[in-house]
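A.B. asks: Dumping the structure here so I can ask a few things about it.
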Amino acid sequence: MKPTIQKALNKQINEEMESSYLYLSMAAYFEDQNLAGMAQWMKAQSIEEVNHAMQLYTYIVDRGGKVELQAIKAPQLSWKSPLDAFNGTYTHEKHITKCIHDLMDLATKEKDHASTAMLQWFVTEQVEEEASTSEIVEKLKLIDSAPGGIYMIDKELASRPMPQLQLAPAE
Ligand code: OFO
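Those letters in the sequence shown? Residues 178 to 348, by this note's numbering.
Encoded structure:
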């Protein structure tokens with residue numbers, strides 16, 4: 178694997194771990210607001226992000242490269258409202274989409290076909306990530322902070338199943 182690709186993939190591991198940390202911080206914010214369903218949704222999202230990081234980790238190892246972890250920056254600790262937090266999630270996911278697209282451009286430029294094939298999964302995943310977060314933002318805008326509406330959305334988000342932490346790819 179070319180050093181440019183290895184460096185960029187390691188940077189993306191950091192982005193995914195930072196996403197995980199940010200969503201865990203949002204979960205803690207929701208716990209503090211007694212919004213257990215929103216906290217559950219964020220904890221599930223946080224685990225998913227670690228799984229994304231691990232997919233990249235495993236790929237680097239499989240290609241004979243070296244995983245080099247970097248510091249994760251401290252996340253924001255509180256938000257003005259559930260809408261503010263989920264807006265933050267949506268904005269963050271748009272940032273991650275750009276990172277993945279930049280990575281794809283690099284892999285294409287370097288003619289690294291294995292990396293473009295691997296990254297295709299992330300391109301598709303980001304469409305889903307943006308769609309699911311923007312849907313929640315739109316619902317929160319619709320209810321305009323009405324307590325009854327917040328309660329209903331919190332209940333709905335509580336049904337998100339908790340994903341398994343996958344430190345190795347499923348066989
Ligand atoms: Fe890894 O998709 Fe969200 O950040």
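We put the beta carbon where it would ideally sit given N, CA and C, even for glycine.
1) Going by CA-CA distance only, name the one from L283, H269, A230 and E306 that's closest to I190.
2) Considering just the uninterrupted stretch of the alpha helix (DSSP H) at S167, what are its terminal residues?
3) Hey, is S196 close to ligand 1, as in C-beta under 8 Å from one of its heavy atoms?
4) Which value, in whole angstroms, describes the spacing of the CA atoms of I313 and M178?
5) Given this structure, state the Cα-to-Cα distance separating Q253 from Q210, to the nearest angstrom.
6) Beta carbon of E121: closer than 8 Å to some heavy atom of ligand 1?
7) Compute the minimum distance between the beta carbon of E330 and the heavy atoms of ligand 1, and state whether it is under 8 Å.
8) For S336 and L283, what's the separation of their Cα atoms in angstroms?
9) Where does K288 land, buried or exposed, given buried means 16+ other C-beta within 10 angstroms?
10) Alpha carbon to alpha carbon, what distance is there between H290 and L280?
11) Please determine whether the Cβ atom of Q210 lies at a distance below 8 Å from any heavy atom of ligand 1.
C.D. replies: On the basis of the coordinates in this document:
1) Locating residue 190 in the sequence shown gives position 13, where the first residue counts as 1. Comparing C-alpha distances from I190 to each of L283, H269, A230 and E306 shows the shortest one belongs to A230.
2) Nothing can be reported for residue 167: it is not among the residues displayed for the chain, which extend from 178 to 348.
3) Locating residue 196 in the sequence shown gives position 19, where the first residue counts as 1. In this structure, S196 has its CB closer than 8 Å to one or more heavy atoms of ligand 1.
4) Counted from its first residue, the sequence shown places residue 313 at position 136. Counted from its first residue, the sequence shown places residue 178 at position 1. Roughly 39 Å separates the two Cα atoms.
5) Position 76 of the sequence shown, counting from 1, holds the residue named residue 253. Position 33 of the sequence shown, counting from 1, holds the residue named residue 210. Cα to Cα, Q253 sits roughly 16 Å from Q210.
6) Residue numbering for the chain in the displayed model covers 178 to 348; residue 121 lies beyond these limits and cannot be assessed.
7) Within the sequence shown, numbered from 1, the residue matching residue 330 stands at position 153. In the sequence as displayed, the identity of residue 330 is Ile instead of Glu. Every heavy atom of ligand 1 is 8 Å or more from the Cβ of I330, so no.
8) Counted from its first residue, the sequence shown places residue 336 at position 159. Counted from its first residue, the sequence shown places residue 283 at position 106. CA-to-CA, the gap between S336 and L283 works out to about 38 Å.
9) Residue mapping note: residue 288 aligns to position 111 of the sequence shown, counting from 1. Result: exposed.
10) Translated into the one-based positions of the sequence shown, residue 280 becomes position 103. Translated into the one-based positions of the sequence shown, residue 290 becomes position 113. About 12 Å.
11) Counted from its first residue, the sequence shown places residue 210 at position 33. Because no heavy atom of ligand 1 lies under 8 Å away, the Cβ of Q210 does not count as near it: no.
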